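To start, the structure itself, in structure tokens.
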Amino acid sequence: MRLVSHRACSTNKAKLILDLVASDEDFEKDFQSARDIIVRSIARDIQFKRQELERIEEEMREIRKLFDCQLETMPGISTVTAFSLIALIGEVERFRDANKLARYAGIAPVRYSSAGKGKDQQSKQGNRVLYSVLYFLAVAQVQISPKGVIRNPSFRAYFEKKTAEGKTKIQAIICIMRRLINVIYQMMKRKTAYTLPEVKEIA
Numbered sequence: 012m013r014l015v016s017h018r019a020c021s022t023n024k025a026k027l028i029l030d031l032v033a034s035d036e037d038f039e040k041d042f043q044s045a046r047d048i049i050v051r052s053i054a055r056d057i058q059f060k061r062q063e064l065e066r067i068e069e070e071m072r073e074i075r076k077l078f079d080c081q082l083e084t085m086p087g088i089s090t091v092t093a094f095s096l097i098a099l100i101g102e103v104e105r106f107r108d109a110n111k112l113a114r115y116a117g118i119a120p121v122r123y124s125s126a127g128k129g130k131d132q133q134s135k136q137g138n139r140v141l142y143s144v145l146y147f148l149a150v151a152q153v154q155i156s157p158k159g160v161i162r163n164p165s166f167r168a169y170f171e172k173k174t175a176e177g178k179t180k181i182q183a184i185i186c187i188m189r190r191l192i193n194v195i196y197q198m199m200k201r202k203t204a205y206t207l208p209e210v211k212e213i214a
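As numbered in the numbering used here, residues 12 to 214 make up the sequence shown, in order.
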């Protein structure tokens with residue numbers, strides 16, 4: 012989740028600003044008094060918004076209990092992402108199966124036929140906001156941290172399998188999105204937690 016100041020400011024940048032203000036030494040510069048007022052004002056603004064976001068997330072966690080949904084047990088799904096999925100999907104029972112949900116999200120391919128030949132193309136329809144949430148969630152699943160830690164080894168292995176088959180990285184991400192639909196559909200329908208699958212090494 013991002014922390015917002017007067018301009019877009021990531022949580023890490025906000026923390027860096029606060030740390031720099033806290034450790035700032037007394038160096039006199041031109042217009043130092045005015046500089047101090049502005050910097051302290053920005054720091055107070057960031058601290059206030061961070062506290063507000065923490066309170067809002069706590070309220071969201073309490074509200075989420077009413078839905079009896081455990082989406083946050085999946086790596087990469089924060090409280091905000093879970094609420095986005097719940098709000099955008101609504102009652103999951105209104106979709107007969109995961110395929111229907113995939114079509115609603117604009118992920119399922121559309122079959123085009125011409126002169127007796129068929130071709131699958133990505134749908135331009137569907138809920139584009141839900142599509143966007145799933146896209147960034149798919150990217151998060153295959154990420155590797157600077158320390159080499161894989162967020163979700165199962166999805167990472169699937170991603171590498173698809174790229175090895177000749178798919179582009181974007182196409183592989185769309186495959187991840189489609190698999191995410193299956194998982195999220197079952198989690199919401201059965202009210203179950205996410206279990207990280209065991210990845211079998213290929214000899």
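All C-beta atoms, glycine included, are put in the ideal place defined by N, C-alpha and C.
Treat the numbers as computed from the prediction; the structure is a model and nothing was measured.
Going by beta carbon distance, what residues of the same chain come within less than 7 Å of residue i, once the five residues before and after it are set aside?
i, result
"Ser95", "Val144"
"Gln78", "According to the sequence as given, residue 78 is Phe; it is not Gln. Correct list, in chain order: Ile97."
"Leu99", "Asn138, Val140, Leu141, Val144"
"Asn110", "Ala119"
"Met198", "Gln81, Leu82, Tyr205"
"Val150", "Ile184"
Can you tell me the Cβ-Cβ gap for residue i and residue j, rounded? I've got them flagged as a contact below 8 Å.
i, j, result
"Gln81", "Lys202", "7 Å"
"Val210", "Pro164", "5 Å"
"Ile53", "Ile28", "7 Å"
So, for residue i: in the same chain, excluding its five sequence neighbours on each side, which residues have a beta-carbon less than 8 Å away from its beta-carbon?
i, result
"Lys200", "Val103, Glu104"
"Ile192", "Ala109, Leu112, Ala113, Ala116, Ile118, Leu145"
"Ile155", "Ile161, Arg162, Arg167"
Using beta-carbon positions only, say whether residue i and residue j come within less than 7 Å of one another.
i, j, result
"Tyr146", "Ala116", "no"
"Met188", "Ile118", "yes"
"Arg167", "Val153", "yes"
"Tyr169", "Thr84", "no"
"Thr92", "Glu68", "no"
"Gly87", "Leu31", "no"
"Cys186", "Lys173", "yes"
Sort out for me which residues DSSP pairs residue i with in a bridge.
i, result
"Ile185", "Paired residues: none, contrary to the question."
"Ile155", "Ile161"
Between residue i and the rest of its own chain, which residues show a CB-CB distance below 6 Å, the 5 nearest in sequence each way excluded?
i, result
"Phe106", "Leu112"
"Pro208", "Ser165"
"Arg190", "none"
Please report the distance separating the alpha-carbon of residue i from that of residue j.
i, j, result
"Val160", "Glu176", "24 Å"
"Tyr196", "Arg114", "13 Å"
"Arg55", "Met71", "24 Å"
"Ile181", "Leu64", "32 Å"
"Arg66", "Lys60", "10 Å"
"Pro157", "Lys178", "25 Å"
"Ile184", "Gln136", "18 Å"
"Gln62", "Phe42", "31 Å"
"Ala45", "Gly101", "50 Å"
"Lys76", "Asp47", "44 Å"
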